[in-house]
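These notes are about the structure you will find just below.
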Amino acid sequence: MRHFLSPTSLSPERTREILTMADQLKLNRFGDALKNKSVGMVFFNPSLRTRTSMDIATYELGGHPLTLNIGQGTWSLEHREGIVMDGEYAEHIKDAARVLSRYVDILAVRAFPERKSWGIDRQDPIIEGFAKYATVPVINLEGAMHHPCQGLADMMTIRERIGEPKAQPIAITWAWHPKALPMAVPNSILLEAAKAGMDIRLAHPKGWELDDEIMQTAQNLATAQGGGVRVVHSMKDAVEGAKVVYAKSWGSIQHYRSPDDETRLKMSLRNEWRVTEEQMARTDAGIFMHCLPVRRGVIVDDAVIDSPQSAVYDEAENRLHVQKAILASIVS
Amino acid sequence: MRHFLSPTSLSPERTREILTMADQLKLNRFGDALKNKSVGMVFFNPSLRTRTSMDIATYELGGHPLTLNIGQGTWSLEHREGIVMDGEYAEHIKDAARVLSRYVDILAVRAFPERKSWGIDRQDPIIEGFAKYATVPVINLEGAMHHPCQGLADMMTIRERIGEPKAQPIAITWAWHPKALPMAVPNSILLEAAKAGMDIRLAHPKGWELDDEIMQTAQNLATAQGGGVRVVHSMKDAVEGAKVVYAKSWGSIQHYRSPDDETRLKMSLRNEWRVTEEQMARTDAGIFMHCLPVRRGVIVDDAVIDSPQSAVYDEAENRLHVQKAILASIVS
Amino acid sequence: MRHFLSPTSLSPERTREILTMADQLKLNRFGDALKNKSVGMVFFNPSLRTRTSMDIATYELGGHPLTLNIGQGTWSLEHREGIVMDGEYAEHIKDAARVLSRYVDILAVRAFPERKSWGIDRQDPIIEGFAKYATVPVINLEGAMHHPCQGLADMMTIRERIGEPKAQPIAITWAWHPKALPMAVPNSILLEAAKAGMDIRLAHPKGWELDDEIMQTAQNLATAQGGGVRVVHSMKDAVEGAKVVYAKSWGSIQHYRSPDDETRLKMSLRNEWRVTEEQMARTDAGIFMHCLPVRRGVIVDDAVIDSPQSAVYDEAENRLHVQKAILASIVS
Numbered sequence: 010m011r012h013f014l015s016p017t018s019l020s021p022e023r024t025r026e027i028l029t030m031a032d033q034l035k036l037n038r039f040g041d042a043l044k045n046k047s048v049g050m051v052f053f054n055p056s057l058r059t060r061t062s063m064d065i066a067t068y069e070l071g072g073h074p075l076t077l078n079i080g081q082g083t084w085s086l087e088h089r090e091g092i093v094m095d096g097e098y099a100e101h102i103k104d105a106a107r108v109l110s111r112y113v114d115i116l117a118v119r120a121f122p123e124r125k126s127w128g129i130d131r132q133d134p135i136i137e138g139f140a141k142y143a144t145v146p147v148i149n150l151e152g153a154m155h156h157p158c159q160g161l162a163d164m165m166t167i168r169e170r171i172g173e174p175k176a177q178p179i180a181i182t183w184a185w186h187p188k189a190l191p192m193a194v195p196n197s198i199l200l201e202a203a204k205a206g207m208d209i210r211l212a213h214p215k216g217w218e219l220d221d222e223i224m225q226t227a228q229n230l231a232t233a234q235g236g237g238v239r240v241v242h243s244m245k246d247a248v249e250g251a252k253v254v255y256a257k258s259w260g261s262i263q264h265y266r267s268p269d270d271e272t273r274l275k276m277s278l279r280n281e282w283r284v285t286e287e288q289m290a291r292t293d294a295g296i297f298m299h300c301l302p303v304r305r306g307v308i309v310d311d312a313v314i315d316s317p318q319s320a321v322y323d324e325a326e327n328r329l330h331v332q333k334a335i336l337a338s339i340v341s
Numbered sequence: 010m011r012h013f014l015s016p017t018s019l020s021p022e023r024t025r026e027i028l029t030m031a032d033q034l035k036l037n038r039f040g041d042a043l044k045n046k047s048v049g050m051v052f053f054n055p056s057l058r059t060r061t062s063m064d065i066a067t068y069e070l071g072g073h074p075l076t077l078n079i080g081q082g083t084w085s086l087e088h089r090e091g092i093v094m095d096g097e098y099a100e101h102i103k104d105a106a107r108v109l110s111r112y113v114d115i116l117a118v119r120a121f122p123e124r125k126s127w128g129i130d131r132q133d134p135i136i137e138g139f140a141k142y143a144t145v146p147v148i149n150l151e152g153a154m155h156h157p158c159q160g161l162a163d164m165m166t167i168r169e170r171i172g173e174p175k176a177q178p179i180a181i182t183w184a185w186h187p188k189a190l191p192m193a194v195p196n197s198i199l200l201e202a203a204k205a206g207m208d209i210r211l212a213h214p215k216g217w218e219l220d221d222e223i224m225q226t227a228q229n230l231a232t233a234q235g236g237g238v239r240v241v242h243s244m245k246d247a248v249e250g251a252k253v254v255y256a257k258s259w260g261s262i263q264h265y266r267s268p269d270d271e272t273r274l275k276m277s278l279r280n281e282w283r284v285t286e287e288q289m290a291r292t293d294a295g296i297f298m299h300c301l302p303v304r305r306g307v308i309v310d311d312a313v314i315d316s317p318q319s320a321v322y323d324e325a326e327n328r329l330h331v332q333k334a335i336l337a338s339i340v341s
Numbered sequence: 010m011r012h013f014l015s016p017t018s019l020s021p022e023r024t025r026e027i028l029t030m031a032d033q034l035k036l037n038r039f040g041d042a043l044k045n046k047s048v049g050m051v052f053f054n055p056s057l058r059t060r061t062s063m064d065i066a067t068y069e070l071g072g073h074p075l076t077l078n079i080g081q082g083t084w085s086l087e088h089r090e091g092i093v094m095d096g097e098y099a100e101h102i103k104d105a106a107r108v109l110s111r112y113v114d115i116l117a118v119r120a121f122p123e124r125k126s127w128g129i130d131r132q133d134p135i136i137e138g139f140a141k142y143a144t145v146p147v148i149n150l151e152g153a154m155h156h157p158c159q160g161l162a163d164m165m166t167i168r169e170r171i172g173e174p175k176a177q178p179i180a181i182t183w184a185w186h187p188k189a190l191p192m193a194v195p196n197s198i199l200l201e202a203a204k205a206g207m208d209i210r211l212a213h214p215k216g217w218e219l220d221d222e223i224m225q226t227a228q229n230l231a232t233a234q235g236g237g238v239r240v241v242h243s244m245k246d247a248v249e250g251a252k253v254v255y256a257k258s259w260g261s262i263q264h265y266r267s268p269d270d271e272t273r274l275k276m277s278l279r280n281e282w283r284v285t286e287e288q289m290a291r292t293d294a295g296i297f298m299h300c301l302p303v304r305r306g307v308i309v310d311d312a313v314i315d316s317p318q319s320a321v322y323d324e325a326e327n328r329l330h331v332q333k334a335i336l337a338s339i340v341s
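Residue numbers (the working numbering), protein chains in the order written: chain A, 10 to 341; chain B, 10 to 341; chain C, 10 to 341.
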């Protein structure tokens, strides 16, 4: 593994090895895999959980974390090749990535979609630009398409809570939310569940399909691992008999540039697409998962997220452990 | 002590023990009380002194400091229970506090009053929310009601400069300032001076009374420790024969939501409520104190703050030492 | 050396010693010169390279780096003496510098020009204020007049690439840029090249003269070291036979407060004042240098900056090594 950019950066076998490492690091938090090494975290967008867990992961492995906040809500690096830079961007990603590589041993980058064009966003030009030009390993801390550290933490949590996930039913379900949110989290849990050979029910209203290439990759991975992916259009159908309910809202690719249309269209979906005790009662003693932050009473009711079936704080904690496993592997 | 939220988190006896620890840490700056421990500092508002002194305190005790800047001038966490979160807040304090508790060993939080309602602000919902939900100790780095680290540093400084404070006269005096400032600092020095049994003269114009509950607690503490609290309405009366002049501006609770009225009302108070050499001449060789930042020529004249009687830089330095004593105590 | 504020803080002899130290630190990155020491970096303006290289330099010497971001694009400390502070500034630099000196062992400050008055900006009141009031050493991380760490990194790079610089021809050339940029970088490379006794050709259009005092100092230093400074008004004349081409844009002092006039005046200069392969062909196998960030296609063509003659990434890396040499020297 040169970079860790997506769930597919790790084979199903390598994923299990990383998760075993993470289990060990959970038992024994301190190490020296990053002794004398610096990890530069480049945030184009705000972060609480990711920034904290990466910082502490680096520290507890004996390394030095460094956070760089690039800007608030704007892309401030040019990523296009061969351009005359007389516009708004003062630096090319080529130069930023090469320079930072002279100072630190690992770069970790968060760059949310710009939301001007799905065709451009889905290429994750900032994160891919760092991966192309950096001379040190690059870890994706969430782009438009992937949030691979979250996906690993989710899978670690599933293994802790339900044991071997192969062939187990998981409902990955859209939920209503006032805003149009990114797709990186549903994409990543979908791909991780597929690599683990789970019986995946992906639920969303018509018009909220995930990216075609992600769906194709998930189908192929799941089939190869003895699992499968079935798309349904009702949360109720998805959660029936599930061992895991993974809730997350995301925006529609069809309405990517017309959020007002999307808001109007999804008005009627609000009640049906919220995780309630009634929905959880349909599961096979299923656990509730969400990457956080979560809007209580909107995505999920308090009675569910505050119940013993809720795994959300373990998911968050496991970010720390899987990121250590990734950090230790990527420098070794 | 589970959390350190207010001067009353420490009994008078425990306060003296903490100050003795701080004296020792001033002589011998380095220790390992925080070895392998992380301190997460959560700032809802900007900070220079507090952020720097907490960071260095953590480092010099062998720990790892981590600063999280939540937002600029706005509350970005929901603190109300059982609410449907379809408004502006994307995360509940319950979830943020529980998640951060999985990553760090101590949380330290600054959250200034929102200034919409004194009734709500005086409950310090953000800091109290962290204290309620966090599973690690919480240190208050200044809320609407308390700035307990400042109060301890002030008392350490008083002991250094005038010796045993019991029964010694201290003037805690309002000063004119163009803005309506928070009350956390006057509340905290008032409560610390009361715990130390000082002879407290609290001076402010009519209409600038401190919170009733704070006043009652201060009266009770002072009386129990052989001191007292007397309210006067002139700086001149307060400083007469004082060993300590503690100046600070604060806003009026009466005009909490009408700052324009307050500005108009206090126009005439400007000259009378500034610490001048003339005022200091009335003291018993008193020292001058202020928590900083201070507006020179507004709160205090250069001739006073730059004189040998000024203790302001010692006060600032002592933040470092008392915070180390608190950090070391709270994890032990 | 009490503070490191400008290239002239170091004599030509001491400069060579620092550069020799930097060479050694490049071979052997880790040390303990800053053991138990904290370096407070105070940024009044954003930074990527400087912040990262100072942080890593401090860490790799065993010290503790701390970044303080003061404000975005505004001066938030009063620097005038004896003023009544009833305006926008809430703290005096005198107090901020004295307080921070109680917490950290070294202060490093970046404060760009305010661009209201060249007469005031050229005095660098913020950085000079810190130097005046701090009780610990102060390092200039770029003001209006100097960027001395950059100048040292540049000279280290020149020595690596062309050997002993004495009497070697260097072209320091203005380049077109859409904005009016600061003069700190050209001033610093000019003074460093002068201290090294180089044969300096300083090229800029008429009206873009550097500060008179800087020019006089550079002339004196160059002459004393067996070199010289010649001003020309064409990039072509400057680069002829040069061993080094150092490109940088800067704003005109004459039009300091009328940027629109400057934009209009320089419109016609765009093509002539860009570093192209054609310009580089006139040199004596010269290297290309720029401090970064750089606008590709505006200051320099891709074919030049991406060629083996380009030293820009080494320049950036060398910031790390020279800053370590400065940090280690200033505390010893």
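Even glycine gets a Cβ: it sits at the ideal position worked out from N, Cα and C.
Query                                                                                                                                  : Result
Residue burial classification, Arg23 (chain C) (beta-carbon count within 10 angstroms, cutoff 16)                                      : exposed
For Pro174 (chain C) and Thr232 (chain C), the rounded distance between their alpha carbons                                            : 14 Å
Sequence-distant residues of the same chain with beta carbon closer than 8 Å to Asp270 (chain A), five excluded per side               : His264
Interface flag, Ser47 (chain B) vs chain A, CB-CB below 8 Å                                                                            : yes
Residue burial classification, Glu326 (chain C) (beta-carbon count within 10 angstroms, cutoff 16)                                     : buried
Cutoff 7 Å; reference Arg131 (chain A); Cβ partners in own chain excluding five residues on either side                                : Ala153, Met154 and Asp220
Contact set between Tyr322 (chain B) and chain C, taken where Cβ atoms lie within less than 9 Å                                        : Asp104, Arg107, Val108, Ser110 and Arg111
Ala4 (chain B) versus Arg119 (chain B): straight-line alpha-carbon distance, rounded                                                   : Nothing can be reported for residue 4 (chain B): it is not among the residues displayed for chain B, which extend from 10 to 341.
Beta-carbon proximity list for His101 (chain B), same chain, < 6 Å, skipping 5 on both sides                                           : Glu87
8 Å Cβ cut-off: residues of chain A touching Leu77 (chain B)                                                                           : Leu57, Arg60 and Thr61
Beta-carbon spacing of Glu151 (chain B), Ala193 (chain B) below 8 Å                                                                    : yes
Interface residues of chain B facing Met50 (chain C) [CB-CB closer than 9 Å]                                                           : Within chain B, no residue comes near Met50 (chain C); the closest Cβ sits about 11 Å away, beyond 9 Å.
Length at least 4, wholly inside the segment 168–216 of chain B: the alpha helix (DSSP H) runs in chain order                          : 193–204
Residues near Arg279 (chain B) in its chain [Cβ-Cβ closer than 6 Å; skip 5 each side]                                                  : Trp185
Every unbroken alpha helix (DSSP H) inside the segment 255–323 of chain C [4 residues or more]                                         : 268–275, 286–290 and 311–314
Environment of Glu97 (chain C) [buried if 16+ CB atoms lie within 10 Å]                                                                : exposed
DSSP-derived helix/strand/coil call for Arg328 (chain C)                                                                               : helix
Exposure of Leu28 (chain B), with buried meaning 16 or more beta-carbon neighbours within 10 Å                                         : buried
Proximity to Ser126 (chain C) [Cα-Cα], best of C:Pro214, C:Ala140, C:Gln234 and C:Ser267                                               : C:Ser267
Residues that Asp311 (chain B) contacts on chain C, provided the C-beta gap is smaller than 7 Å                                        : Gly91
Beta-carbon contacts of Ala349 (chain B) that lie in its chain and below 6 Å, excluding the five residues immediately before and after : Any answer about residue 349 (chain B) is impossible in this case: the structure gives chain B only from 10 up to 341.
Exposure of Val253 (chain A), with buried meaning 16 or more beta-carbon neighbours within 10 Å                                        : buried
Where Gly40 (chain A) falls: helix, strand or coil (DSSP)                                                                              : coil
Secondary structure of Gly237 (chain C), DSSP reduced to three states                                                                  : strand
Same chain, Cβ closer than 7 Å to Leu230 (chain C), neighbours up to 5 away in sequence not counted                                    : Leu200, Ala203 and Lys204
Presumed contact (8 Å Cβ cut-off) between Thr307 (chain A) and His299 (chain A), rounded CB distance                                   : The residue asked about is misnamed: residue 307 (chain A) is Val in this sequence, not Thr. Val307 (chain A) to His299 (chain A), Cβ: 11 Å. No contact.
Proximity to Gly216 (chain A) [Cα-Cα], best of A:Met207, A:Arg170 and A:Trp183                                                         : A:Trp183
Any 3 or more C-beta pairs closer than 8 Å across the segment 38–53 of chain B and the segment 161–172 of chain B                      : no
Residues that Thr76 (chain C) bridges to, as DSSP identifies them                                                                      : C:Met50
Buried or exposed (CB count within 10 angstroms, at least 16 for buried), Glu287 (chain B)                                             : exposed
Cα-Cα separation, Leu34 (chain C) to Ile209 (chain A)                                                                                  : 55 Å
For Ala117 (chain B), the first and last residue of its enclosing beta strand (DSSP E)                                                 : Ile115 to Arg119
Cutoff 8 Å: Ala143 (chain B) Cβ touching any chain A Cβ                                                                                : no
Assumed close pair Met63 (chain B), Gln332 (chain B) - CB separation to whole angstroms, cut-off 8 Å                                   : 6 Å
Whole-angstrom C-beta distance between Ile262 (chain B) and Phe13 (chain B), which should lie under 8 Å                                : So it is not a contact: roughly 25 Å between Cβ atoms.
Residue range of the alpha helix (DSSP H) that includes Ile102 (chain A)                                                               : Ile102 to Tyr112
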